[in-house]
Amino acid sequence: MSRRRLLLLIDFDETLTSTDTLSHLVATAYTLQGPDVLLPPWDYFSSTYLCDYDTYAKEFPAESRRTLEEERRFLEGLRAVERASVERVEAAGVFRGLDRGVLVRDAAKIGGMMKEGWREVVTGVVGSGGRAAVVSVNWSRAWIRECMVGVEGEVRVFANEFVVGGEDGRLSGRLDRWFGGEDGGIWTAGDKVKVVRDFIGGGGQKEEEKALVVYVGDSVTDLLCLLEADVGVVFGRRLDDVCERLGVPIWDGLVAGNTGRGGLSRIGHWRELKAWIDTV
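Throughout the sequence shown, residue numbering follows the working numbering, covering 213 to 492 in sequence.
Pasting the structure below:
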């Protein structure tokens, strides 16, 4: 494993998993609620979210965002879109009254979500004295932990969570607000980078300033975290357009022993990251 101490930070959906897993939680929630609970179809929530997003994005077309600061402001402006989406789901009671443990366990039965090779990477980093964490805008820390069950060593999970309300231990229907206040969910790229900075500083300044910070992600919500890290590692091509527009190179593959060539590095399998970690 790496000769340097690593701080490994990982996105969840479509980085550790092969698909966006919110659909699994939603499908399970609708099944558990049963036909007697009247809920809008999930298409209502998804289509309204996309409509809000498109309306906001038209005010700030991509061609007008040529610097990282301009992109950062655009990404932070999505907070209003994300909050409205969460509040619609909360008001409708999609998750209200459910048992959180049953919800995440039943959703996990769908199976086939996790990519191959991640467990060896995470276990290796933690086992060699490094630290690892998942940083996600996903709606449930318990869900992420359920999907990662059995991993060896401590892995912190930073994400949102369904709130348990009342003495019966069932869900209130609300999501928590990690940062406090009604706007305080982990919803945007800026929220994720705040979490990353807190995690990096959490091991003590003298200790962590010698560590190598690696962030692994796949989407624009990961962009700021990828650029914050010493080494940003990308799955897929969802960042190609924005990085080309901002002049951020994405290299194919990781170069053995190299931790400072600038830009981001694209991989197709977790074994590529494991092989690279062994060289640094």
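Backbone N, C-alpha and C define an ideal beta-carbon position, used for all residues, glycine too.
Assumed close pair residue i, residue j - CB separation to whole angstroms, cut-off 8 Å
i, j, result
"Glu294", "Thr400", "6 Å"
"Gly402", "Glu275", "With a Cβ gap of about 22 Å, Gly402 and Glu275 do not count as contacting."
"Leu290", "Tyr268", "7 Å"
"Ala441", "Val454", "With a Cβ gap of about 17 Å, Ala441 and Val454 do not count as contacting."
"Phe272", "Arg300", "No, Phe272 and Arg300 are not in contact; Cβ-Cβ is about 23 Å, not under 8 Å."
"Gly329", "Trp482", "3 Å"
"Phe411", "Phe307", "Not quite, the Cβ-Cβ distance comes to about 27 Å (not below 8 Å), so this is no contact."
"Pro461", "Gly474", "7 Å"
Residues that residue i bridges to, as DSSP identifies them
i, result
"Val347", "Phe370"
"Ser259", "DSSP lists no partner for Ser259."
"Val446", "Gly429, Arg478"
"Leu219", "Arg343, Val425"
"Trp463", "Ser477"
"Thr229", "Met326"
Residues near residue i in its chain [Cβ-Cβ closer than 8 Å; skip 5 each side]
i, result
"Gly362", "Arg331"
"Ser259", "none"
"Glu394", "Arg295"
"Thr433", "Asp223, Leu287, Val349, Thr400, Ala401, Lys404"
Pair within 8 Å by beta-carbon distance, residue i and residue j
i, j, result
"Ser230", "Lys327", "yes"
"Leu221", "Ala423", "no"
"Leu387", "Glu302", "yes"
"Leu485", "Val334", "no"
"Asp318", "Arg382", "no"
"Val367", "Met360", "yes"
"Ile489", "Gly336", "yes"
"Gly392", "Gly305", "no"
"Leu234", "Leu315", "no"
"Leu237", "Ser340", "no"
"Leu251", "Leu458", "no"
"Val492", "Gly469", "yes"
"Val338", "Gly365", "yes"
Own chain residues within Cβ distance below 6 Å of residue i, not counting five before or after
i, result
"Leu438", "Tyr427, Gly429, Gly444, Leu476"
"Lys404", "Val347, Cys437"
"Gln417", "Confidence at Gln417 is low in this model, with a pLDDT of 48, below 50, so the placement of that residue is unreliable and no value is reported for it."
"Gly377", "Ser384"
"Ser431", "Arg450"
"Arg277", "Glu283, Phe286"
"Arg343", "Leu219"
Contacting residues, own chain, Cβ-Cβ under 7 Å from residue i (five flanking each side not counted)
i, result
"Val298", "Leu387, Gly397"
"Asp493", "No answer is possible for residue 493: it lies beyond the span of the chain, which begins at 213 and ends at 492."
"Tyr265", "Val293"
"Trp501", "No answer is possible for residue 501: it lies beyond the span of the chain, which begins at 213 and ends at 492."
"Ile356", "Phe224, Val346, Ser348, Asn350, Val369, Ala371"
Every unbroken alpha helix (DSSP H) within the segment 365-431, with a cutoff of 4 residues, ordered by chain:
Scanning the segment 365-431 for uninterrupted alpha helix (DSSP H) segments of 4 residues or longer gives 401-413, 417-420, listed from N- to C-terminal end.
Whole alpha helix (DSSP H) runs in the segment 306-341 with 4 or more residues, listed along the chain?
Counting whole runs of 4 or more residues, the segment 306-341 contains the alpha helix (DSSP H) stretches 312-320, 330-339.
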